[in-house]
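Engineer:
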Amino acid sequence: MNHYEAVFITTPVLSSDEYTRTVKKYLDFLEKNGGELVSKEDWGIKQLAYPIQKKTTGFYTLIEFKIDPQLIRRLEIEFKRDENIMRFLTVKLDKYAVKYAQQRKEKLSKKFEKTEG
Amino acid sequence: MAADKSIKFLNAPKIGQNRKKYCRFKRTGIRYIDFKDPEFLLKFINEQGKILPRRITGNSLKFQRRIATAIKRARHLAILPYVADLLK
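Each protein sequence line maps, in turn, to chains A and B.
According to my numbering, the first sequence is numbered sequentially starting from 1.
According to my numbering, the second sequence is numbered sequentially starting from 118.
1. I'd like to confirm the pairing. Which residues does DSSP put opposite B:F161 in its beta bridges?
2. Starting from A:T20, trace the alpha helix (DSSP H) both ways and give me its first and last residue.
3. Thinking B:L194 and A:I67 are a contact (beta carbons under 8 Å), I'd like their distance in whole angstroms, please.
4. Taking 8 Å as the CB-CB limit, is B:L197 close to chain A?
5. Within 10 angstroms of its Cβ, does A:E5 collect 16 or more other Cβ (buried), or is it exposed?
6. Is any beta-carbon of chain A found at less than 8 Å from that of B:D202?
7. Do you know how far the Cα of A:L62 is from the Cα of A:E41?
8. I need the straight-line Cα distance from A:S16 to A:T22, nearest angstrom please.
9. Are the C-beta atoms of B:Y149 and some chain A residue less than 8 Å apart?
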């Protein structure tokens, strides 16, 4: 079970429940195939550095998960087939990357508490 | 009359040798370069969004390659532009 991280951009024209449905589709894909979701981050609507499919903004979502290597191909086919997703990138994480992602999550949660508290 | 003589400096000009460049990753012990935070990657690209060469950034070969892949991934995800003007 390798450690992976996938970032994907969905078109901004989606309504919010459509957006959650598309994201949910991939989370179900992970559960169904024995994967394990480590963390999920929504960066919300961000400005793209260059227009993709004539759109200048997009919903960014980051999911970090563990899964068997053979299933990555099928996951990426799912991403390609989904027309709501403009662009995606799955990356394998080595041990330094996993440690970095851990620290990043703590930093974000600490920052989040600061703004809340 | 004084112009034809070469200008004499009081002490040797230091323009020639510049300071010893060092790889910032070895020194600070950064092990993983994240393609998701643009602020860090901006230090390694010039105004047009091109990747700076090693002789300017002073990176070691191993980390310069990692920086390059991280920048290319960020460009793929439209976090960084492929071509930009006055990026900084």
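By construction, the Cβ of each residue, glycine as well, lies at the ideal position given by its N, Cα and C atoms.
Structural biologist: Result, derived from the coordinates:
1. None, per the DSSP bridge assignment.
2. 16 to 32
3. Contact doesn't hold; Cβ gap of about 21 Å is too wide.
4. So yes, B:L197 belongs to the interface.
5. Around the CB of A:E5, 16 or more other CB atoms lie within 10 Å, so the residue is classed as buried.
6. Output row for B:D202: interface = no.
7. 5 Å
8. Going by the C-alpha atoms only, they are around 10 Å apart.
9. yes
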